[in-house]
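K.L.:
2 protein chains.
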Amino acid sequence: MVEEFQKVLESKGLKSTQQRHFIAETFFKTNTHVSLDELLKKVKRKTPNIGYATVFRTMKLLTETGLAMERQFGDGQTRFENLHQDGHHDHLICIKCAKIVEFQNQMIEDLQAETAKNFGFKVVRHKLELYGYCADCNS
Amino acid sequence: MVEEFQKVLESKGLKSTQQRHFIAETFFKTNTHVSLDELLKKVKRKTPNIGYATVFRTMKLLTETGLAMERQFGDGQTRFENLHQDGHHDHLICIKCAKIVEFQNQMIEDLQAETAKNFGFKVVRHKLELYGYCADCNS
DNA sequence: TTGAAAATGGAGTTCATTATCATTTAGCTA
DNA sequence: TAGCTAAATGATAATGAACTCCATTTTCAA
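Chains as they are written, first to last, in this note's numbering: chain A, 19 to 157; chain B, 19 to 157.
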């Protein structure tokens, strides 16, 4: 997945730097929805001199090239999802304990595509978030 | 719909003020996704002495009681959706011209409920946003 | 190797959201 | 209906995430 990022950089005529590599690598290793601050902390553990701005810009780059996706879960922080590792998935979010469960349903995806087509839209990506009470909080 | 808000206030032991009435009324009349600033402007046209804080708190109240819903479309502004007037709907968003089309598909809703049930979740509300290119921008 | 263009990083700016607090108001009670 | 008390208001300040700036450093093609 870092290799893919490498290719993207090359194809866009952007420079391949140690920082970009390390940020991307750290992000791709993360399997949760990290915020910028969290990612910065992780990155700084090994390379303390990397700045916020570089992490910010690298994540923007990853988002633009489709390797990451910005998400808002309502806690005021933009979180990033690793699209490459896990493939696409949707979210069940508990509004009591904030637990996030990921799921995937092909039938829903198909219906979405069909609906969009009826409106003349060509869908590139989507977000589906179900908010409610999880099994533990619903008793 | 203002009557429903009235009932909510009563049941919560909150006071029924002119400001709350007028803000709710203005919001329920609006059929787009208004931001706080936009709503404040609308409200100030008729009652210029209403403050930002009151609009903010009233919308928070409407959100908590399920009459409104916060939404993030990626423009950095929280927008509010009128749940009462239009009923629930989902969104098709053009990533080129920012056009937003609303739609509703009962089959998708049913599948969502079913999926959630499989995970032991009881869904209260959801967001479904399809991002892509609209008919005009896809040619 | 070198120089021009791009990238970095620390700090600063912007702007939406939330908190503060003195003043006003709603609505219960006598 | 006048008075009282707690809640609500509204102007402004504080907060914090998102984004920018610019002096310095680094990449990489010639």
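We put the CB at the ideal spot given by N, CA and C, even for glycine.
1. If the criterion is Cβ atoms closer than 8 Å, does the pair residue 22 of chain A and residue 85 of chain A meet it?
2. What does residue 149 of chain A pair with, by DSSP beta-bridge criteria?
3. To be precise: take each residue of the segment 118-134 of chain B, compare its Cβ to all Cβ atoms of chain A, and keep it if any distance is under 8 Å. Which residues remain?
4. With distances taken between CB atoms, is the gap from residue 81 of chain B to residue 61 of chain B smaller than 8 Å?
5. Determine the DSSP secondary structure at residue 37 of chain B, reduced to helix, strand or coil.
6. Going by beta-carbon coordinates alone, are residue 142 of chain B and residue 113 of chain A separated by less than 8 Å?
7. Could you work out which residues of chain B lie near residue 144 of chain A, taking near to mean beta carbons separated by less than 9 Å?
8. Would a check of beta-carbon distances place residue 140 of chain A closer than 8 Å to chain B?
9. Below 8 Å CB to CB, which residues in the same chain sit around residue 123 of chain B once its five sequence neighbours on both sides are set aside?
10. So, for residue 87 of chain B: in the same chain, excluding its five sequence neighbours on each side, which residues have a beta-carbon less than 8 Å away from its beta-carbon?
11. Within the continuous beta strand (DSSP E) that includes residue 86 of chain A, where are the two ends?
12. Is residue 148 of chain A closer than 8 Å to residue 139 of chain B when the C-beta atoms are compared?
13. Out of B:132, B:128, B:126, B:117, which one is the CA nearest neighbour of residue 154 of chain B?
14. Do residue 53 of chain A and residue 83 of chain A count as a contact pair if the criterion is CB distance below 8 Å?
15. Among A:152, A:135, A:91, whose alpha-carbon lies nearest the alpha-carbon of residue 146 of chain A?
16. For my contact list, residue 126 of chain A and residue 129 of chain B are in at a C-beta cut-off of 8 Å; report their separation, rounded to the angstrom.
17. Closer than 8 Å by C-beta to residue 115 of chain A: which residues in its own chain qualify, once you throw out the five before and the five after it? Chain order, please.
18. Can you tell me whether residue 76 of chain B is buried or exposed, with buried defined as 16 or more other CB within 10 angstroms of its CB?
19. Going by DSSP, name the residue or residues bridged to residue 100 of chain A.
20. By Cβ distance below 8 Å, which residues in the same chain neighbour residue 58 of chain A in space, the five residues on each side in sequence not counted?
21. What would DSSP say about residue 118 of chain B, mapped onto helix, strand or coil?
22. Counting only beta-carbon separations shorter than 8 Å, does residue 153 of chain A have a partner in chain B?
23. Check whether the Cβ of residue 137 of chain B lies closer than 8 Å to any Cβ atom in chain A.
24. State the Cα-Cα distance for the pair residue 37 of chain A and residue 28 of chain A, rounded to the nearest angstrom.
25. Looking at residue 110 of chain B and residue 137 of chain A, is the spacing between their C-beta atoms short of 8 Å?
26. Counting contacts by CB-CB distance shorter than 8 Å, is residue 79 of chain A in contact with chain B?
P.N.:
On the basis of the supplied data:
1. Contact flag set, yes.
2. The beta-bridge partner set that DSSP reports for residue 149 of chain A consists of A:111, B:143.
3. Under the 8 Å Cβ criterion, the segment 118-134 of chain B contributes 119, 121, 123, 125, 126, 129, 130, 133, 134.
4. Contact: no.
5. DSSP, read as helix, strand or coil, puts residue 37 of chain B in helix.
6. For the 8 Å CB-CB criterion, residue 142 of chain B and residue 113 of chain A form a contact.
7. What residue 144 of chain A touches in chain B: 146, 147, 148, 149, 150.
8. Yes, contact with chain B.
9. Correct list, in chain order: 108.
10. Cβ neighbours of residue 87 of chain B beyond the five flanking positions: 81, 98, 99, 101, 143.
11. 86-90 is the span of the beta strand (DSSP E), which, as asked, contains residue 86 of chain A.
12. Taking 8 Å as the Cβ cut-off, residue 139 of chain B and residue 148 of chain A qualify as a contacting pair.
13. Minimum Cα distance to residue 154 of chain B is reached at B:117.
14. Going by C-beta atoms, residue 83 of chain A is not nearer than 8 Å to residue 53 of chain A.
15. Comparing Cα-Cα distances from residue 146 of chain A to each of A:152, A:135, A:91, the minimum goes to A:91.
16. Confirmed, about 5 Å.
17. Result list for residue 115 of chain A: 152, 154, 155, in chain order.
18. In summary, residue 76 of chain B is buried, with 16 or more beta-carbon neighbours lying within 10 Å of its beta-carbon over all protein chains present.
19. Partner(s): A:86.
20. Answer for residue 58 of chain A: 68, 70, 73, listed in chain order.
21. Residue 118 of chain B: strand per DSSP, three-state reduction.
22. Output row for residue 153 of chain A: interface = yes.
23. It does; some Cβ of chain A falls within 8 Å.
24. Distance between the alpha carbons of residue 37 of chain A and residue 28 of chain A is about 16 Å.
25. The answer is yes: Cβ separation under 8 Å.
26. No - not a single Cβ of chain B is within 8 Å of the one on residue 79 of chain A.
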